[in-house]
Amino acid sequence: MTRVRFAPAPTGFLHIGGARTYIFNWLFARQQGGKVVLRIDDTDVERSTKEAIKSIISGLLFLELPWDETYYQSGAREFHDKGAERLLVTGAAYRDFTPPRVDPSSTEKQVSPWLANPGMRELSGEESRRRAEAGEPFVLRFRVPRESGRILEFQDMIFGSQSRAIEDIEDFALCRSDGSPTYHLASCVDDVELEISHVIRGQDHLTNTFKHILLFEALDFNPPTFGHLPLLLGPDGSKLSKRKHGPVVSLTTYRDRGFLGHGLVNYLSLLGWSAKDDREIFTLDELLETFSISGIQRGNAVVTFDESDDQNWADPKALWVNGQHLRTIDVEDLAHYIEKHLLAEDMWNPDFVGEGRDRMIATVDMLRTRYVTLRDFIEKGAAYFSDEFAIEEKARKNLDKGDARTLLHELAKRFKSYDEDTFNEDNVEKEVRGLAAERGVKPGLIINASRAALTGQSVGPSAFWIFIALGLEHVIKRLEQA
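Here our numbering is used: position 77 in the sequence shown is 79, and no number is missing along the way.
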């Protein structure tokens, strides 16, 4: 059976590059009828945090792509220790008692010899045990069989044939001096225990793969099939990173700023992959039908954004893709997602699930053709959900023109004779145009002032539709307060 794993280290938020890796793993596994394992690589006790684990899990839940099993490396220490002992007993690993050298230019990093100390590599088993039993600290290293002169080769799912001379690989560490496993040992032992068939991860792991192939062989396990994904780059051409590019790198930023989970899945899937027919908008079912590993490009993908521009805080393509999903998602589902944001901003009205439900749904259905994120409904469409909203400067000028405010007050008086049955777009338009004719003004004066009083904006949907979307009670109240 196809079994893949997504293995984030819980040292911070979930990077969108990591999210893309998860998406590709998920799509591949589901196409094969396989399983997806979420493996939390939390063996680095000093850097791993519970908050980061929660952030990673909540981020993945937001994507709405469920995994099948959850595995914590910190709970697999017994397997790691057994793996280390096996490698030591078979001679595939050795103890290195060399004290670490400290780089004088750094107070943090310890520098190890590149190929390790030959004297340690050739140390007799008896002396190695004696020194270990005496309490002398050591690092456990893998004994790379350089004497074989072998050329390591494997077929990458994306980059094709890959090779490296074994003599170029250092005797990498398997266990730290405190006995804890390094990434290399823990990752490979866990892949064996989990029976992982395919490892699909970032291109930055390519050099590790040669080490891992040697480890799998030493553990008497057929190496999984490897696939390495091209990197994500920022607008400046450098690798996308939190330190350099800020919050736009975090998956939770997109969630908090109003992306739909499947909208983001669609966008991230397009970073380095394309369909044969050049389509760009996909439902999840369509992605499952269309996605292929062979469609992943080898070149790095660029994420375009401008942190200084609030309109382009994310890649314009990401915003466009999400907007397309807003337009096509079931409107009831969309209203449910908007509800979460309304509640968070204390803008929720219980009437939205009561008598006013139909009006709310109709409003959401109209507005979604104009917006690209869920936050747009809260920020640009606040007036449709709350009586508290800002008035744009241009809209305020429309209120201040001539007798605009007096005309709005008169309009409010006339609407008091209406009920919900007679309050419709046709009657509203007749009332507005009739009042304009009576007072000898252009209808646009009342229409523009009405839009300003009702929404705080100078542009938007049909002005007469706005009256109906807000409802008779709110319209009268806002016209009177203009």
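Ideal Cβ positions, reconstructed from N, Cα and C, are used throughout, including at glycine.
Arg416 - DSSP class collapsed to helix/strand/coil: DSSP places Arg416 within a helical segment (H, G or I) once states are collapsed to three.
Neighbour-count burial assignment, Thr109, 16 or more Cβ in a 10 Å radius: Note that Thr109 scores 42 on pLDDT, short of 50, meaning its location in the model is unreliable; the coordinates nonetheless yield the value given after this. A residue is called buried when at least 16 other Cβ atoms come within 10 angstroms of its Cβ; Thr109 does not meet this threshold and is exposed.
C-alpha gap between Thr371 and Asp348, whole angstroms: Inter-residue distance for Thr371 and Asp348 is about 24 Å (C-alpha atoms, whole angstroms).
Rounded separation between Arg41 and Phe26 - CA only: About 16 Å.
DSSP-derived helix/strand/coil call for Phe81: Reduced to three states, the DSSP call for Phe81 is helix.
Per-residue DSSP class, three states only, for Asp273: According to the sequence as given, residue 273 is Leu; it is not Asp. Leu273: coil per DSSP, three-state reduction.
Inter-residue spacing [alpha-carbon to alpha-carbon] between Lys213 and Phe144: Spanning the two alpha carbons is a distance of roughly 9 Å.
Per-residue DSSP class, three states only, for Leu344: In the structure shown, the three-state DSSP call for Leu344 is helix.
Contact between the stretch 399-406 and the stretch 452-463 (3+ Cβ pairs under 8 Å): Touching, yes, given that three or more Cβ pairs across the two stretches are closer than 8 Å.
Assumed close pair Ala277, Thr292 - CB separation to whole angstroms, cut-off 8 Å: Confirmed, about 5 Å.
Neighbour-count burial assignment, His200, 16 or more Cβ in a 10 Å radius: Buried.
Rounded separation between Val251 and Ile215 - CA only: In a straight line, the C-alpha of Val251 is about 31 Å away from that of Ile215.
Buried/exposed call for Ala188, threshold 16 Cβ in 10 Å: Residue environment: Ala188 is assigned as buried (16 or more neighbouring CB atoms within 10 Å of its CB, all protein chains considered).
Selection from Gly93, Val305, Lys444 and Leu273 that minimises the alpha carbon distance to Gly236: The closest CA to that of Gly236, considering only Gly93, Val305, Lys444 and Leu273, is found on Val305.
Rounded separation between Thr51 and Arg407 - CA only: Going by the C-alpha atoms only, they are around 58 Å apart.
Cβ-Cβ distance between Arg416 and Glu394 below 7 Å: At a Cβ-Cβ threshold of 7 Å, Arg416 and Glu394 do not count as neighbours.
Closest Cα partner of Pro226 within the set Glu197, Asp206 and Leu208: Taking only the C-alpha atoms, the option nearest Pro226 is Glu197.
Environment of Pro10 [buried if 16+ CB atoms lie within 10 Å]: Buried, since its Cβ has 16 or more Cβ neighbours within 10 Å.
Buried or exposed (CB count within 10 angstroms, at least 16 for buried), Gln483: Residue environment for Gln483: exposed (fewer than 16 other C-beta atoms within 10 angstroms of its C-beta).
Own chain partners of Tyr365 with C-beta closer than 7 Å, once the 5 adjacent residues on each side are dropped: A quick correction: the sequence has Thr, not Tyr, at residue 365. Excluding positions up to five away in sequence, the list reads Tyr386 and Ala471.
Phe391 vs Gly458 beta-carbon contact at 7 Å: In this structure, Gly458 lies closer than 7 Å to Phe391 by Cβ.
Burial state of Asn224, where buried means 16 or more other Cβ atoms lie within 10 Å: Exposed, by the Cβ-count rule.
Simplified DSSP state of Thr92, which is helix, strand or coil: Reduced to three states, the DSSP call for Thr92 is coil.
Member of Ile202, Ile298 and Ser243 whose CA lies at the smallest distance from the CA of Val39: The residue from Ile202, Ile298 and Ser243 with its alpha-carbon nearest to that of Val39 is Ile202.
Beta bridge counterpart(s) of Gln157 as assigned by DSSP: Looking at the DSSP assignment, Gln157 forms a beta bridge with Ser163.
Cβ-based burial, Ala384 [other Cβ within 10 Å; buried from 16]: With 16 or more other Cβ atoms from the protein chains shown falling within 10 Å of its own Cβ, Ala384 counts as buried.
Ala220 - DSSP class collapsed to helix/strand/coil: Secondary structure of Ala220 (DSSP, three-state): helix.
C-alpha gap between Tyr256 and Leu266, whole angstroms: Approximately 8 Å between the Cα atoms of the pair.
Option nearest Glu309 by Cα separation, candidates Gly260, Asp353, Lys244 and Ile340: With respect to the C-alpha of Glu309, the residue from Gly260, Asp353, Lys244 and Ile340 having the closest C-alpha is Lys244.
CA-to-CA distance, Leu62 to Leu437, given in whole angstroms: In this structure, the alpha-carbon of Leu437 lies about 56 Å from that of Leu62.
Where Pro183 falls, given that 16 or more other Cβ within 10 Å makes a residue buried: Result: buried.
Gly358 versus Glu475, Phe307 and Tyr373, residue with shortest Cα-Cα distance: The shortest Cα separation from Gly358 among Glu475, Phe307 and Tyr373 belongs to Glu475.
Neighbourhood of Pro115 by C-beta, 6 Å cutoff - its chain only, sequence neighbours within 5 removed: Confidence is the limiting factor: at Pro115 the pLDDT is only 47, short of 50, which leaves the residue's position unreliable, though a coordinate-based value still follows. Excluding positions up to five away in sequence, the list is empty.
Proximity to Ser130 [Cα-Cα], best of Asp98, Arg148, Asp158 and Ser150: It is Asp98 whose Cα lies nearest to the Cα of Ser130.
C-beta contact flag for Asp170 and Gln164 at 7 Å: No, they are not a contact pair.
Cβ neighbour criterion (16 or more within 10 Å) applied to Met486: In the structure as shown, the chain begins at 3 and stops at 484. Residue 486 is therefore absent and cannot be evaluated.
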